[in-house]
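So the protein sequences, as listed, match chains A and B.
Numbering-wise, the first sequence is residues 195 to 308 according to the numbering used here.
Numbering-wise, the second sequence is residues 13 to 126 according to the numbering used here.
Beta carbons are placed, not taken as given, at the ideal position from N, Cα and C, and that holds for glycine.
As the structure is a prediction and not an experimental result, all values here were calculated from the model.
Only one structure is covered here, and it is reproduced in the block below.
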Amino acid sequence: GENVEQHPSTLSVQEGDSAVIKCTYSDSASNYFPWYKQELGKRPQLIIDIRSNVGEKKDQRIAVTLNKTAKHFSLHITETQPEDSAVYFCAARSSTNTGNQFYFGTGTSLTVIP
Amino acid sequence: GAGVSQSPSNKVTEKGKDVELRCDPISGHTALYWYRQRLGQGLEFLIYFQGNSAPDKSGLPSDRFSAERTGESVSTLTIQRTQQEDSAVYLCASSLVTGVDTQYFGPGTRLTVL
């Protein structure tokens, strides 16, 4: 089955700096890669996603890049703000005999220091 | 429209008791997922329902865990003879499985086993 690894587990940046979180996956058939933001005590919220036929996607201060050959994808947050502080999870969707299953990374706790 | 809802939001039970957790997916979403999230940890896949197909139960940690889904609507996750290590937040997510199947998460049920 699919195995998703996420690094770093914790990340602290100064407000205004950029933050980068990286994930690797093992199943070359995985074709959809969402990123979720989870604030303390709240549900995960999708912030951006990318499909395997695209190499990069950007939405304002957030971008995701995908390297299918190397089987890794990254989340980039520019001009970080204190409200970006949260736990971020990457995921990869892999097909199983019964349908599509999502495999999650272990999360990155991002702290933006004002 | 209404999002994914879960009930109860909090459940405190005694070791050895059975508990039932409920998930109401977004109307029309054919796929439904259950995850477990222990404190400070990532999302652990439990079970996946896709339409009328047999569910993918590969993530259920023991035979004390089971889940049912009525058609393409409500799902219940049952934990029998609860143990302290079952304490966690149980998250449900649903997705509309066509070419775009973003997962939408419910608020979770926080289970505490005393």
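Does chain B have any CB closer than 8 Å to the CB of residue i?
i: Q295 (chain A); result: yes
i: P228 (chain A); result: yes
i: T300 (chain A); result: yes
i: D243 (chain A); result: yes
i: G210 (chain A); result: no
Run the CB neighbour count on residue i, radius 10 Å, all protein chains shown included, and call it buried at 16 or more, exposed below.
i: P238 (chain A); result: buried
i: K252 (chain A); result: exposed
i: D75 (chain B); result: exposed
i: I307 (chain A); result: exposed
i: G111 (chain B); result: In this prediction, G111 (chain B) scores a pLDDT of 47, lower than 50, which makes its location untrustworthy; the coordinate-derived value is nonetheless stated afterwards. Exposed: under 16 other Cβ atoms inside 10 Å.
i: D211 (chain A); result: exposed
Locate the beta strand (DSSP E) running through residue i, then write down its first and last residues.
i: K216 (chain A); result: 213-219
i: L58 (chain B); result: 56-62
i: E199 (chain A); result: 198-201
i: E32 (chain B); result: 31-36
i: L89 (chain B); result: 87-91
i: L304 (chain A); result: 302-307
Starting from residue i, find everything on chain A with Cβ-Cβ shorter than 7 Å and list it in chain order.
i: L108 (chain B); result: Within 7 Å Cβ-Cβ: nothing; L108 (chain B) doesn't reach chain A, min ~12 Å.
i: A54 (chain B); result: It is Gly, not Ala, that sits at residue 54 (chain B) in the sequence shown. Simply F283, F298, G299, T300, G301.
Between residue i and chain A, is the shortest Cβ-Cβ distance under 8 Å, so that the two count as touching?
i: D68 (chain B); result: yes
i: L33 (chain B); result: no
i: F77 (chain B); result: no
i: T114 (chain B); result: yes
Can you list the residues of chain A that residue i reaches, using a CB-CB cut of under 8 Å?
i: L72 (chain B); result: By Cβ distance, chain A contributes nothing, its closest Cβ being about 13 Å from L72 (chain B), past 8 Å.
i: P119 (chain B); result: K236, R237
Residue i versus chain A: which residues are under 9 Å apart at the beta carbon?
i: Y45 (chain B); result: Q295, F296
Figure out for me which residue from the options has the closest Cα to the Cα of residue i.
i: I241 (chain A); options: B:T114, B:L108, B:D98; result: B:T114
i: W46 (chain B); options: B:D30, B:P73, B:N22, B:G52; result: B:P73
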